[in-house]
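Chemist: First, the structure itself, so that you have it in front of you.
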Amino acid sequence: MVIFGSIASRVACAPTRRSKIFTDQQAKSPLCPPSKLTRALTQQQINSMGWIQPLSASPPKPPKNPINKKNANNWVASHVGDKGRQLAQTLINNIRYIPQEEFEEALRCSVEDFNQKIDDTGYIVVGRSPQNSNFWTASLALKNLKVMPTDVVEIEDLPKALKRHPKVHQIALLDDAIYTGKQIGRIQSACIGALQEAERANPEIHVIAPFQVDERRAMSYYSPIPIHVAKHQKLKLLREVIPEHLHKAFSKMFAQTSDFDPATEKPLVYFDHKIPDSVSTLWEQLADGRLGKDISSLVERFLDFSGGLLTNEKFYEEPFIAQIIPPYKKPYLPAPKH
Numbered sequence: 103m104v105i106f107g108s109i110a111s112r113v114a115c116a117p118t119r120r121s122k123i124f125t126d127q128q129a130k131s132p133l134c135p136p137s138k139l140t141r142a143l144t145q146q147q148i149n150s151m152g153w154i155q156p157l158s159a160s161p162p163k164p165p166k167n168p169i170n171k172k173n174a175n176n177w178v179a180s181h182v183g184d185k186g187r188q189l190a191q192t193l194i195n196n197i198r199y200i201p202q203e204e205f206e207e208a209l210r211c212s213v214e215d216f217n218q219k220i221d222d223t224g225y226i227v228v229g230r231s232p233q234n235s236n237f238w239t240a241s242l243a244l245k246n247l248k249v250m251p252t253d254v255v256e257i258e259d260l261p262k263a264l265k266r267h268p269k270v271h272q273i274a275l276l277d278d279a280i281y282t283g284k285q286i287g288r289i290q291s292a293c294i295g296a297l298q299e300a301e302r303a304n305p306e307i308h309v310i311a312p313f314q315v316d317e318r319r320a321m322s323y324y325s326p327i328p329i330h331v332a333k334h335q336k337l338k339l340l341r342e343v344i345p346e347h348l349h350k351a352f353s354k355m356f357a358q359t360s361d362f363d364p365a366t367e368k369p370l371v372y373f374d375h376k377i378p379d380s381v382s383t384l385w386e387q388l389a390d391g392r393l394g395k396d397i398s399s400l401v402e403r404f405l406d407f408s409g410g411l412l413t414n415e416k417f418y419e420e421p422f423i424a425q426i427i428p429p430y431k432k433p434y435l436p437a438p439k440h
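Heads up, our numbering is the position in the sequence shown plus 102, with the first residue counted as 1.
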């Protein structure tokens with residue numbers, strides 16, 4: 103699941119300048135040409151490829167989980183005052199729900215971009231663990247790949263994989279979405295270290311994540327090697343979609359516990375397969391049905407002893423989004439081959 107963008111020049115192996123961004127800046131549309139490649143792989147075929155961490159021929163898929171409109175209306179009505187209800191309705195109106203079919207189509211478009219630019223040197227897919235979305239996303243992408251990965255590994259097994267494949271110099275990182283970029287940045291740092299330790303010539307890292315807040319968050323700020331970002335859809339921040347005069351009150355009303363970023367600096371999004379955490383979106387409202395704070399008489403609030411912002415502990419009894427357990431949290435991958 104690596105993306106090989108056209109490279110005008112190589113970046114010197116010293117972290118003295120910002121990573122070059124290799125991405126299609128115009129690639130914001132969810133539409134791409136119909137796929138000319140759909141590969142039906144059996145689990146036996148996948149297991150025979152010799153990957154350290156085999157992927158799944160039939161990764162589990164979630165049921166549909168749209169917003170419960172009745173519960174959403176009741177949740178809005180439960181807020182204090184006209185202003186509180188207005189802001190609650192603003193939240194409901196701006197939730198982006200991405201069904202599984204839309205997610206897979208966007209992922210296909212990212213993989214199609216990869217297929218147009220791939221070369222024959224091979225690549226290693228790297229993920230965090232089977233309980234994260236990396237390998238689940240990679241498994242879903244298999245059917246549209248033109249060339250299969252040379253190997254698939256958890257991050258701690260990357261040095262071993264590089265020794266097994268001395269000619270491979272490209273790393274592929276897949277995920278369902280990128281929000282702050284902190285998780286993908288930590289993986290990239292580990293990959294950079296492994297590639298440098300292996301002394302690979304012309305190393306490259308490639309990122310496929312079909313939904314992103316900003317492609318600049320998909321890469322380490324200082325990287326000694328090129329990082330390529332595949333075609334993707336933009337997740338808009340709340341400050342980009344709600345009226346500016348509501349920003350301050352909205353952020354006070356829906357501040358997330360133990361998170362200092364304003365609510366308007368997050369996308370308001372969820373998928374059939376998961377609701378992003380409170381660092382990435384307004385999880386406390388989407389997942390827990392937490393009511394916004396009463397801002398009718400709000401004065402300056404202070405930090406509590408846990409380091410988080412004080413919030414209203416009231417919850418609506420029936421959240422407007424049914425509980426989601428990510429499908430990759432239950433075992434579905436074959437055992438790794440060490």
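Note that CB positions come from ideal geometry on N, CA and C, so glycine has one too.
Just to confirm, is the Cβ distance from residue 229 to residue 240 under 8 Å?
Modeler: Against a cut-off of 8 Å, the Cβ pair of residue 240 and residue 229 comes out as a contact.
Chemist: Looking only at its own chain, which residues have a Cβ that is under 6 Å from the Cβ of residue 420, when we skip the five neighbours before and after it?
Modeler: Correct list, in chain order: 173.
Chemist: Buried or exposed for residue 290, going by 16 or more other Cβ atoms inside 10 Å?
Modeler: Label assigned to residue 290: buried.
Chemist: Does the segment 201 to 220 come close enough to the segment 368 to 378 that 3 or more CB-CB pairs lie under 8 Å?
Modeler: The segment 368 to 378 vs the segment 201 to 220: in contact.
Chemist: Say whether the segment 298 to 312 touches the segment 326 to 345, bearing in mind that this needs 3 or more beta-carbon pairs closer than 8 Å, one atom from each stretch.
Modeler: Yes: at least three Cβ pairs fall under 8 Å.
Chemist: By the 10 Å Cβ neighbour count, where 16 or more other Cβ atoms means buried, how is residue 271 classified, buried or exposed?
Modeler: Buried: at least 16 other Cβ atoms inside 10 Å.
Chemist: Report the option in 383, 180, 348, 212 whose CA atom is closest to the CA atom of residue 362.
Modeler: When only C-alpha atoms are compared, the closest one is 383.
Chemist: Please work out which residues of its chain come closer than 7 Å, Cβ to Cβ, to residue 236, disregarding the five sequence neighbours upstream and downstream, and give them in chain order.
Modeler: 229, 230, 276, 277, listed in sequence order.
Chemist: Rounded to whole angstroms, what's the CA-CA distance from residue 299 to residue 248? Just pull it up for me.
Modeler: If I take the Cα positions, the gap works out to 30 Å.
Chemist: At 3 residues or longer, what runs of the beta strand (DSSP E) sit wholly inside the segment 209 to 289?
Modeler: Listed in chain order, the complete beta strand (DSSP E) runs (minimum 3 residues) inside the segment 209 to 289 are 226 to 229, 253 to 256, 272 to 276.
Chemist: Which residue comes first and which comes last in the beta strand (DSSP E) that contains residue 306?
Modeler: Segment 306 to 310, the beta strand (DSSP E) holding residue 306.
Chemist: Give the C-beta separation of residue 227 and residue 280 to the nearest angstrom, bearing in mind that I take them to be a contact with Cβ-Cβ under 8 Å.
Modeler: Not a contact, Cβ separation roughly 16 Å.
Chemist: Can you tell me the Cα-Cα spacing of residue 189 and residue 178, whole angstroms?
Modeler: Answer to the nearest angstrom: the Cα atoms are 9 Å apart.
Chemist: I think residue 344 touches residue 196, with their Cβ atoms under 8 Å apart; what is that distance to the nearest whole Å?
Modeler: With a Cβ gap of about 6 Å, residue 344 and residue 196 count as contacting.
Chemist: From this set, 334, 425, 424, which residue's C-alpha is nearest residue 214's C-alpha?
Modeler: Cα-wise, what sits closest to residue 214 is 334.
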